[in-house]
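In what follows, a single structure is set out as structure tokens and then discussed.
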Amino acid sequence: MRVRRGAGRMWGLLVAALFFGHAVAGCSGGPPPGPRPSGPPAPTASPTTRAPSPSPTTTRIGNATPAPRWLGTRVLPVGPNGFPAARDTPPELRNRSIITVDDLPPPPDGRFHATVEAVPAGVLARSSWTKACPVAASDLRYLTVGFRGFDGRAHTGELLVNARAADDMVAVFGRLFAANFPIERMRISSATDMDAPPTGDGNTTEAFACRPVRGNTAWSQHAYGLAVDVNPFQNPYHKGRVVLPELATAYLDRAKARPGMVRPRGPVVRAFAAVGWKWGGDYRSLKDYMHFSATGG
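And the structure:
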């Protein structure tokens, strides 16, 4: 595992608005019912280049297939509790295994690489950070880390995390890469992404999101860069009738093991436990299978 530091060594700032839509998930999706924290909206930086993506004619890479054309486009009506109702998982997503479309250049040697640096201004501008957030921009770090896709290929993802968690997160994702644990997508969400109408089918692995706890006014650990959500669709949030993402109901059956699921005593739980982070799948009043945090909250 190789870690490089410094602005001159990062992969580059390459983000495109893809067909996936935002990750409407228990921890990493849009804000809870009620207003967002106050503060001016962050401007969005336009990418200058984009990494190659799988050919549109590609029908399968290993066990992975292209995303359904409708993914991220079917807006769900919001109910009186502020969330769309949970729905049956579409047949195409019951064993979700989607080819990763690269947001950043994949590692040319197919090995794990990572970079850690102060957050570049352009990255901060396309994130959800504002001066109203509970963490200073100087206390965040921009990470690029390798991950293995459901297509079996090596890809490069990006995260914003608290500075004191940066090295630990490099170690965690290095372990997941070595274990061949598949991740569909890893990128930073903007305020626009978080506020987009819910489609219930997002699956972005990410860390920083400037928002309160669901249904609460207290800041989420995501707002401090001290929480990470892993494959939200395969690892949904579940409390009563609320399931997030809303189309991920097939994955409430945790006895049926499928790729990308976080399992008790599995590689993801072990990797985060090695740096002292707790898993939301161990919560008693609800289940947040995607969620890991430094404080357990």
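When we follow my numbering, the leftmost residue of the sequence shown carries the number 27, and every step to the right adds one. Every residue, glycine too, gets a C-beta built ideally from N, C-alpha and C. Everything numeric in this text was worked out from a predicted model, so none of it was measured.
Top-ranked residue by Cα proximity to residue i, from the options
{"i": "Asn229", "options": "Gly108, Phe138, Ser123 and Leu102", "result": "Ser123"}
{"i": "Arg167", "options": "Asp177, Phe173, Ser153 and Asn261", "result": "Ser153"}
{"i": "Asp193", "options": "Asp219, Phe138, Val142 and Val288", "result": "Val142"}
{"i": "Gly266", "options": "Cys159, Val256 and Leu278", "result": "Leu278"}
{"i": "Thr225", "options": "Ile87, Val301 and Val104", "result": "Val104"}
{"i": "Gly88", "options": "Cys159, Arg174, Ala163 and Leu130", "result": "Arg174"}
{"i": "Gly98", "options": "Met212, Pro223, Thr321 and Val161", "result": "Pro223"}
{"i": "Asn329", "options": "Pro293, Ala93, Asp165 and Val239", "result": "The structure shown does not extend to residue 329, since the chain spans only 27 to 323, so no value can be given for it."}
{"i": "Asn261", "options": "Thr156, Pro116, Ala151 and Pro285", "result": "Pro285"}
{"i": "Ala217", "options": "Val198, Thr156 and Asp308", "result": "Thr156"}
{"i": "Asp135", "options": "Asp114, Ala283, Val127 and Arg179", "result": "Arg179"}
Sheet register partners of residue i (DSSP bridge)
{"i": "Asp314", "result": "Tyr263"}
{"i": "Val268", "result": "Lys265"}
{"i": "Thr91", "result": "Ile124"}
{"i": "Asp255", "result": "Glu232 and His317"}
{"i": "Phe173", "result": "His181"}
{"i": "Met220", "result": "Answer is none; Met220 lacks a bridge partner."}
{"i": "Lys282", "result": "According to DSSP, Lys282 bridges with nothing at all."}
{"i": "Asn188", "result": "Leu166"}
{"i": "Met287", "result": "Bridge partners of Met287: none, in fact."}
Local conformation of residue i per DSSP, three classes
{"i": "Thr321", "result": "coil"}
{"i": "Gly183", "result": "strand"}
{"i": "Val145", "result": "coil"}
{"i": "Thr85", "result": "coil"}
{"i": "Pro58", "result": "Confidence at Pro58 is low in this model, with a pLDDT of 37, below 50, so the placement of that residue should be treated as unreliable; the coordinate-derived value is given next. Here Pro58 sits in coil by DSSP."}
{"i": "Leu150", "result": "helix"}
{"i": "Arg167", "result": "strand"}
{"i": "Pro116", "result": "coil"}
Under 8 Å between C-beta atoms of residue i and residue j
{"i": "Gly306", "j": "Gln247", "result": "no"}
{"i": "Leu202", "j": "Glu184", "result": "no"}
{"i": "Pro258", "j": "Met220", "result": "no"}
With a cut-off of 8 Å, do at least 3 Cβ pairs link the region 99-112 to the region 144-153? The region 99-112 vs the region 144-153: no contact.
With three or more C-beta pairs closer than 8 Å as the rule, is the region 254-271 touching the region 306-318? The region 306-318 vs the region 254-271: in contact.
Does the structure place the region 291-302 close enough to the region 134-141 that three or more beta carbon pairs sit under 8 Å? Two segments are said to touch when three or more pairs of C-beta atoms, one from each, lie closer than 8 Å; by this definition the region 134-141 does not touch the region 291-302.
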